[in-house]
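Heads up, the thing below is written out as structure tokens.
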Amino acid sequence: MTTTVQPRPGDPEITPALIKEHGITPGEYERVVAMLGRTPTLTEVGIVSALWSEHCSYKHSRPLLRTLPTEAPWVLQGPGENAGVIAVKDGLAVAFKIESHNHPSAVEPYQGAATGVGGILRDVFTMGARPVALLNSLRFGPLSSSRVRYLFAGVVKGIGDYGNCVGVPTVGGEVVFDPSYEGNPLVNAMCVGVLREEELIRAVAEGVGNPIIAVGARTGRDGIHGASFASEDLSEASEAKRPRVQVGDPFTEKLLLEASLELIKSGHIVAIQDMGAAGLTSSSAEMAARGDVGVTIDVTKVPVRESGMTPYEILLSESQERMLVVAHKGREDAVREILERWDLEAAVIGEVIAEPVYRVTEGDRVVAEFPGTRLVTDCPTYTIEKRESTALAAARALDPHGVTPLAEEADPIWTLERLLSSPTIASKAWVWRQYDSMVRTSTIVGPGSDAAVIRLRGTDAGVAMCIDGNGRYVALDPLVGGRIAVCEAARNVACAGARPRAITNNLNFGNPTKPEVYFQLANAVAGMGEACRVLETPVTGGNVSLYNENPQGAIHPTPTVGMVGVLDSLDHVTPTAFQRAGDQIVLLGDNTAELGASEYLQRIHGLTIGAPPSCDPAAERRLIDALLDAIASGLVRSAHDCSDGGLAVALAEKSVVRRDQPFGFAVDLTAWADLPLRALLFGEAQGRVVTTTSDADALLALMQRHGVPAQVIGEVTDASSGIEFVIGAVSARSALEPLARAFHDTIPGIMDGGSPAELAVATSHAPTTD
Amino acid sequence: MTRYRVAIHIEPRRGILDPQGKAVAGALHSLGFGDVVDVRVGRYLVLDTDAPDADTARATAARMCEQLLANPVTEDFHIATVEPA
Amino acid sequence: MTRYRVAIHIEPRRGILDPQGKAVAGALHSLGFGDVVDVRVGRYLVLDTDAPDADTARATAARMCEQLLANPVTEDFHIATVEPA
Amino acid sequence: MKVGIIRFPGSNCDEDAYHAVVDHLGAQAVFLWHKDHDLQGADLVILPGGFSYGDYLRAGAIARFSPIMREVVAHAERGAPVLAICNGFQIACEAGLLPGALLRNAQLRFVCEQVHLRVESIATRFSARYHIGQVIRIPVAHGDGRYTADGDTIARLEGEGRVVFRYVDAAGHVTHEANPNASLRNIAGIVNERGNVLGMMPHPERATDVRLGSADGLPLLHSIADALLTEVNA
Ligand SMILES: Nc1ncnc2c1ncn2[C@@H]1O[C@H](COP(=O)(O)OP(=O)(O)O)[C@@H](O)[C@H]1O
Ligand SMILES: [Mg+2]
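Protein chains in written order, with this note's numbering: chain D, 1 to 770; chain C, 771 to 855; chain H, 856 to 940; chain A, 941 to 1174.
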């Protein structure tokens, strides 16, 4: 069959201005014309603009992502699908993936964050997995700004309301406040699901004659161009794009979740995929490309919410809670029946065809047609020149030890309190109390620990998970920062008692066409890859969010790492907090003089300078192996790694994190009396874990066998004894209560003040003035 | 049958704590709208419905409120307007 | 200064998904109110505020809506009535 | 004993309730679809937590009209037990099985945490295994849990000993801080006049295993089982 593609009556002329408006470069336009052998129609321009946007095509990151390790014996599904999958135990597997909703959340925090959660849930359940846990990683500017408080409150409420309603516990995450995110908040959401290995389904269109079915919510005009929107710098122009914001409907999502899992089990379908970014266009084109088949879709068959929608609008709509399904021919009614039981609609909108084309019709009229799968495969990739920012290189070269201490710092307790009340370090309970972390009654460790643990019903096994990333480290040294992101996540999972197994990651960066940003991207990915190889935690998927810039500048380059680990036995679950007075405190790893890039410098001195702490993945690997051995041997009563705020903060957190069950401690760090005091207490040397034990000798012997430095540094005491540090001639003491208040009351104190942020919480609506 | 657009006000009953109204009032004050004395937050519903005449549309809407739209324990409702849609 | 009672309607903007309205419409249908064609659920605010005159009260309320009460991305507002309180 | 767990569109604690009664009581349990007209001989009906119909309009307002609710009301009118948890409590109030209403938490935020409850009455078939004044830990997870009723209703509830659980601090004191949603009189759970319908915002089905943070919900489940057994033997 030969068809002719013709512009629809009323379509605007294809001009260079229109091409530019669609974010297509002149070079890319030439490729399109060459591929088609003619001028594209408006519909085709829209399709290309979506599929070749950074968000869908990874055109600036793909060559870098290819360098990441993706394989291990337990990896059942690596990158390229809706989510990665690893085997766990007894035929059970977990699917997991992370996704960003940064730009939508900057414009409409509540809906932006909510729909981000909706999207990542769909990515997981379209693999045949039942979602069992959600996590999120958030970045905002300083809370002193009312706009930031509004964004923070709205994002948290959006995440909570969506996950709570669907009934998937939100069990962990992280929140960082730093001026670099002021104009560009980051909202990354991660989902973990559980499936039986044999239930794994892939989003690959197959079988000529098989029907393509649109399932779930109707298509409206919302979010049109979201994908290319997410690939631009935030500017006034994007403010003008506000009406494109999508509204989430978690209730429909819950129905869709149940219906989809039932569909997958029924055997009636071949493939299923979320209509996420770029909606129908990307889901259909990607499924066709994976199966190397042709497809044809008739937009007049798509159930719509509004009348008069054009093919362009229907194809690019990002209405939420929709799925694209390829069913076995003849099973259409069976599919419909399942969906009807869940009060959902299904409409056959197209078919898998033998002819190698991607074709869209509007009734009889062909409005778009691309040869074969070239729409997906012909997207260009770009490798940009790399150049380190001279300003950042200069900041790294500054010596943090040269920073003059403030007079108050003479008392290290003052500094400790300041750090515990830094919103980045302070308890995030204000956030996670708004999340249902317990629904599904499988949450063994919820928010507030190094990593969360979910039990796998019917086994004694558990899955541990966390998200980590430190943009300041990456800004000051992308290679080291990339390594640390992975190692820290692995350490967190190990502290909970789990063997780190695989990661998903979200690369949040600025405009990659700038050599300084591309330098960061390339080096961070290289650092992550190194660490993943050494730790044997392959990358099974992820997401890239670029162009996080505004006229004031770019964000800190922020890769976030979602790590998943496995506990063979729930007996290995290890808490963060101190458990018993009289236990010995054993530091694993060693203290150093490093102070660069620390939260201390940022919080106390407002400085982002110095080199981030060095990170040796091989040493981290030894530490993790040793820690897990010790835990399995029953030698570890609690474990918490040193990260933001260093050793002093780690110890204080172990004391006060459980406000209802506080403990004191007395430590003697005289062995390191020759290190600069600030670095010893607040420096962020990597590869350290603070453990407690009732059998220090056995623990030290075990560490020695593994070649991991370890020392008894003190003892857990009753809460009434407060805390005490002795370092040679220096000693410092404090009661617990002021430290507990600094840690627990800071964020509620800022957020519960009856400010407009409160109102945002009350109504989910925006104050527009600061 | 004509199509009518019926606007309905649903308000928290006086005497029942309205924390949302209080939060809105507080936020308005902190934005500098100091003359606001009191705020109540309720629901506003717009129904498009077919009916033989406006009175029937109004009466039907009132029944909807009694049965579903308003909670008799905590809320009062009021059919604000009925207009041809 | 006089005290005015200002009634404000805030509605989800047409074209933007209103899941709540959809659910309510479905419920009304299954309750037998089959003539209902469409439902939108918004918010109804009643402000008591002091102002020199009704026009000022109205204009101030509109500014409150723009700055705080209505979400400019997803909602439309309308000052329904301004009356001496 | 046979337990019927109602599944509304949007229920999401249905499976948790199932595991609680099957794994810990060894009971038989069936899921009952909201469109069904038959309780399949269930002795105990559970209205589980979740977001039926998305909690759109008002929590529980739409679910109460589900076809199965007619059977649930009839079951309650026969004097048979109904356990209404969280969203189930909201539905039960909307359906008139229990007096009062559950409004938006005064803090205007969803709240999920372990709370302390004081057992105020053990003269119900849901609480006999506790002792009076006992302080237990059971989690809450809700956005609309502020119990409200008119003055007469509250007076009757209190006077008739129908307040079963109250939010308290760890020491058992009724305080403002211990009240996660500003419920009137710190009310966390009540029974109907006949004592066969319990509505509570906290989730006993989540407090069935110390690994989950608490097992203090188990005596509640066992109390129901005891009562049913006594009835059969009587
Ligand atoms: N940072 C990354 N590292 C590894 N793989 C990635 C990364 N980002 C994206 N991918 C993979 O590229 C594929 C396409 O991802 P994406 O377009 O985000 O899917 P979706 O359609 O769900 O948005 C996915 O399989 C994803 O896992
Ligand atoms: Mg996807």
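For each residue, glycine too, the CB sits at the ideal point set by N, CA and C.
Whether residue i touches residue j by CB criterion (9 angstroms)
i         : j         : result
Ile871/H  : Val124/D  : no
Arg593/D  : Pro676/D  : Just to set this straight, residue 593/D is Ala in the shown sequence, not Arg. Yes. Within cutoff.
Val539/D  : Pro79/D   : yes
Leu134/D  : Val168/D  : yes
Leu419/D  : Tyr600/D  : yes
Leu972/A  : Leu1168/A : no
Ser317/D  : Met323/D  : no
Arg1069/A : Leu1160/A : yes
Asn1121/A : Leu1037/A : no
Gly527/D  : Ala619/D  : no
Ala1024/A : Asn841/C  : no
Anticipated Cβ contact below 8 angstroms, residue i with residue j, distance rounded
i         : j         : result
Ala1032/A : Leu987/A  : 6 angstroms
Val166/D  : Glu253/D  : 5 angstroms
Arg501/D  : Ile86/D   : 6 angstroms
Val1051/A : Gln1074/A : Actually they are not in contact, since the Cβ atoms of Val1051/A and Gln1074/A sit about 23 angstroms apart, beyond 8 angstroms.
Pro617/D  : Glu536/D  : 10 angstroms between Cβ atoms; not a contact.
Val493/D  : Ala464/D  : 5 angstroms
Leu587/D  : Ala630/D  : In fact, because the Cβ distance is near 13 angstroms, the residues do not count as touching under 8 angstroms.
Gln1054/A : Arg1077/A : 5 angstroms
Between the CA atoms of residue j and residue i - distance to the nearest angstrom
i         : j         : result
Ala880/H  : Phe991/A  : 18 angstroms
Thr807/C  : Val892/H  : According to the sequence displayed, residue 807/C carries Val and not Thr. If you take the alpha carbons of Val807/C and Val892/H, they lie about 38 angstroms apart.
Ile314/D  : Val302/D  : 8 angstroms
Ser235/D  : Ala882/H  : Residue placement at Ser235/D is flagged as unreliable, the pLDDT there being 49, under the threshold of 50; the coordinate-derived value follows with that caveat. Using only the alpha carbons, I get a separation of about 42 angstroms.
Gly209/D  : Asn470/D  : 49 angstroms
Thr1148/A : Phe932/H  : 48 angstroms
Arg828/C  : Ala17/D   : 53 angstroms
Gln77/D   : Arg66/D   : 15 angstroms
Asn136/D  : Pro512/D  : 24 angstroms
Lys792/C  : Leu923/H  : 14 angstroms
Ile1164/A : Thr1170/A : 10 angstroms
Ala153/D  : Arg433/D  : 13 angstroms
Ala240/D  : Val156/D  : Low per-residue confidence applies at Ala240/D: pLDDT is 44, beneath 50, and the placement is therefore not dependable, though the value from the model is reported in the following sentence. Answer to the nearest angstrom: the Cα atoms are 25 angstroms apart.
Leu127/D  : Thr41/D   : Sequence inspection shows Met at residue 127/D; the Leu mentioned does not correspond to that position. Approximately 34 angstroms between the Cα atoms of the pair.
Pro412/D  : Ala732/D  : 7 angstroms
Pro1079/A : Pro1144/A : 8 angstroms
Ile467/D  : Thr170/D  : 12 angstroms
Val187/D  : Asp908/H  : 46 angstroms
Any non-hydrogen atom of ligand 3 within 8 angstroms of residue i CB
i        : result
Val525/D : Inclusion of ligand 3 in the displayed structure is not the case, the ligand content consisting of ligand 1 and ligand 2 alone.
Segments of 3+ residues assigned as beta strand (DSSP E) that fall wholly inside the region 1117-1165 of chain A | The DSSP assignment places complete beta strand (DSSP E) segments of no fewer than 3 residues inside the region 1117-1165 of chain A at 1127-1131, 1137-1140, in order along the chain.
Scan the region 141-224 of chain D and note each continuous alpha helix (DSSP H) run of 4 residues or more that stays entirely inside, going in chain order.
-> Entirely contained in the region 141-224 of chain D, the alpha helix (DSSP H) runs reaching 4 residues are, in chain order, 146-166.
Report yes or no: do the region 566-576 of chain D and the region 496-510 of chain D share at least 3 C-beta pairs separated by less than 8 angstroms?
-> Segments in contact, yes.
Is there contact here, the region 856-875 of chain H with the region 1016-1031 of chain A, by at least three beta-carbon pairs under 8 angstroms?
-> These segments do not touch.
Would you mind listing the beta strand (DSSP E) stretches within the region 254-293 of chain D that are 3+ residues and don't spill past its ends, in chain order?
-> The beta strand (DSSP E) runs lying completely inside the region 254-293 of chain D and spanning 3 residues or more are 269-274, given in chain order.
Check whether the region 578-594 of chain D touches the region 444-454 of chain D, counting contact only when three or more Cβ pairs, one atom from each stretch, lie closer than 8 angstroms.
-> Cβ pair count under 8 angstroms is below three, so no.
Would the region 1123-1141 of chain A and the region 1093-1110 of chain A be scored as touching if the rule is three or more Cβ pairs under 8 angstroms?
-> Cβ pair count under 8 angstroms is three or more, so yes.
At 3 residues or longer, and completely inside the region 1006-1076 of chain A: list those beta strand (DSSP E) runs for me, N to C.
-> Unbroken beta strand (DSSP E) stretches of 3 residues or longer found wholly inside the region 1006-1076 of chain A: 1022-1025, 1041-1043, 1051-1059, given in chain order.
Counting Cβ pairs, one atom from each stretch, are 3 or more of them under 8 angstroms apart for the region 503-511 of chain D and the region 548-566 of chain D?
-> The region 548-566 of chain D and the region 503-511 of chain D touch, with three or more beta-carbon pairs separated by less than 8 angstroms.
Every unbroken beta strand (DSSP E) within the region 309-356 of chain D, with a cutoff of 3 residues, ordered by chain = Qualifying beta strand (DSSP E) stretches, in chain order: 322-327, 346-353.
Which runs of the alpha helix (DSSP H) fall wholly inside the region 83-111 of chain D and span at least 4 residues, in chain order?
-> Correct list: 102-107.
For the region 184-202 of chain D and the region 327-340 of chain D, state whether three or more C-beta atom pairs, one from each stretch, are separated by less than 8 angstroms.
-> With the cut-off at 8 angstroms, the region 184-202 of chain D and the region 327-340 of chain D do not touch.
The region 19-36 of chain D in contact with the region 370-377 of chain D per 3-pair CB rule at 8 angstroms | The region 19-36 of chain D, when compared against the region 370-377 of chain D, does touch it at the 8 angstroms Cβ threshold.
Using 8 angstroms as the Cβ pair cut-off and three pairs as the minimum, do the region 271-285 of chain D and the region 195-209 of chain D touch?
-> Yes: at least three Cβ pairs fall under 8 angstroms.
For the 8 angstroms Cβ check, are there 3 or more pairs between the region 993-1006 of chain A and the region 1110-1121 of chain A?
-> The region 1110-1121 of chain A and the region 993-1006 of chain A do not touch, with fewer than three beta-carbon pairs separated by less than 8 angstroms.
Could you tell me which uninterrupted alpha helix (DSSP H) segments, each at least 4 residues in length, are contained entirely in the region 638-701 of chain D, listed from first to last along the chain?
-> List check, alpha helix (DSSP H) in window: 646-656, 677-682.
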